[in-house]
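Enquirer: For the sequence shown, the working numbering assigns the number 148 to the initial residue and increments by one for each residue that follows.
Have a look at this one.
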Amino acid sequence: MSPLLEITGLNVARSGFEIVNNVDLVAPAGEVTVLLGSNGAGKTTLLEAVSGVIPCAAGSVSLEGEYITSMRRGKRARRGLAHVEQGRTVFPELTTEENLLVAAPKTALGPAFDLFPSLEKRRHVKSGLLSGGEQQMLVLARAIVGSPKMLLLDEISLGLAPVIIQDLMPVVRRLADSGIGVLLVEQFAELALDIGDSALVLSRGKVVFNGSCEKLRSSPELLQGAYLAGADPEDEPAQTGGS
Ligand SMILES: Nc1ncnc2c1ncn2[C@@H]1O[C@H](COP(=O)(O)OP(=O)(O)OP(=O)(O)O)[C@@H](O)[C@H]1O
Ligand SMILES: [Mg+2]
């Protein structure tokens, strides 16, 4: 059987610079695949190329064995690919329920409220009045009301207190346990590795580690080494012909 999401030899360029370089990645259904790397390593760029926000320069992306590399973004979404982009927030003037109705009809909201009972209690409250953690849960809930097969999560913990992130990560685990494939970009590496199955580390657009979360967790020097390599300011990405 084909893996849920498979990325092969992916190159992505921005403004003529090669940002993602020859990346191979497999993200199975029911698993959390953690994607780590320093600031500017290319994590967001990779996710954007997978969901179709930006084009790929070379390589392929497939979902359940179907090539989606050149498919428009909306079509990829209809195939079951959901992307929570970095910095995504709620519509503060809308209630919790109205935020979800932007993405799906009322009849489809049940599973999201089952997963996030605290949101159901606050379904008629303006989402701008929810706590930071609840707002991020609402962002997650909005991504899953369309019943995606594969979920790309880009730093959903941004701006949240560590104690709240500790509550959010098990929710991501539960999503995967319900059968969804999750590709998780997370700055709090240890919290992500605690709930993840496999992990990749990107450094300057290249995969420098691909293995189990357990292995990465038990080799701090590997993790730290990758981060330091990615942070080298002397090292500019290679320029390419395209844009
Ligand atoms: N629109 C753009 N045009 C040109 N270069 C860009 C653009 N967006 C990002 N970049 C560059 O691409 C590289 C990778 O950025 P990207 O946002 O993918 O990294 P990241 O790993 O998600 O970082 P962070 O952890 O800060 O979110 C960086 O060098 C960045 O400066
Ligand atoms: Mg990013």
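The C-beta atom is built at its ideal place from N, Cα and C for all residues, glycine as well.
Assess, as a yes-or-no matter, whether the segment 154-174 is touched by the segment 184-197 under the definition of 3 or more beta carbon pairs within less than 8 Å.
Expert: Verdict: yes, contact present.
Enquirer: Going by alpha carbons, who is nearest to A259 out of L299, P309, R321?
Expert: Cα-wise, what sits closest to A259 is R321.
Enquirer: Just the C-alpha distance for L340 and L370, rounded to the nearest angstrom, thanks.
Expert: Each residue's alpha carbon lies about 11 Å from the other.
Enquirer: Check each residue's C-beta against every heavy atom of ligand 1 and list, in chain order, those closer than 5 Å.
Expert: Every residue passing the under-5 Å Cβ criterion appears here: R161, S162, I166, N186, G187, A188, G189, K190, T191, T192.
Enquirer: Any heavy atom of ligand 3 closer than 7 Å to the Cβ of E302?
Expert: Ligand 3 is absent from the structure shown, which contains only ligand 1 and ligand 2.
Enquirer: Here's a check: name, in chain order, each residue in its chain whose Cβ is nearer than 6 Å to the Cβ of E244, leaving out the five neighbours to either side.
Expert: Counting only Cβ-Cβ distances below 6 Å, and skipping sequence neighbours, we find R270.
Enquirer: At a cut-off of 7 Å, is Q283 close to ligand 2 when judged by its beta-carbon and the heavy atoms of the ligand?
Expert: Because no heavy atom of ligand 2 lies under 7 Å away, the Cβ of Q283 does not count as near it: no.
Enquirer: Here's the rule I'm using: 16 or more other beta-carbon atoms within 10 Å means buried, otherwise exposed. How should T180 be labelled?
Expert: Classification of T180: buried, given that the 10 Å Cβ count is 16 or more.
Enquirer: Is it the case that the Cβ atoms of L298 and I327 are separated by a distance below 8 Å?
Expert: Contact flag set, yes.
Enquirer: Opposite K273 in the DSSP bridges: which residues?
Expert: T242.
Enquirer: Give every residue of the same chain whose Cβ lies closer than 7 Å to the Cβ of N246, excluding the five residues on either side of it in the sequence, and list them in chain order.
Expert: For N246, where only same-chain residues beyond five positions count, the Cβ hits under 7 Å are V237, F238, S274, L285, R289.
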